[in-house]
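Asks:
Residue numbers (our numbering): 4 to 95.
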């Protein structure tokens, strides 16, 4: 793994964090990347489970009752707005 950093301050900050953790820079970077990927995966799985629950509720309700109520539409709009909100610290 090539550890080239165009910004010397960024390299110094990562090196200091790695020293504080007592690991190599490579191990520190790989651990951070794995933690980020795991967090993204967990966010996706949580949203998927919520979606499955909502879908299950609709199918359990039976035919003719699938028209969402005003509160359901509002909840869906809030959920959509939450998903579209940019996350702090998100990589571009």
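Glycine included, each C-beta is placed from N, C-alpha and C at the ideal position.
According to DSSP, is residue 58 helix, strand or coil?
Replies: helix
Asks: Express the C-alpha separation of residue 87 and residue 60 in angstroms, rounding to a whole number.
Replies: 24 Å
Asks: My output table needs one value for residue 43: the three-state DSSP class, helix, strand or coil.
Replies: helix
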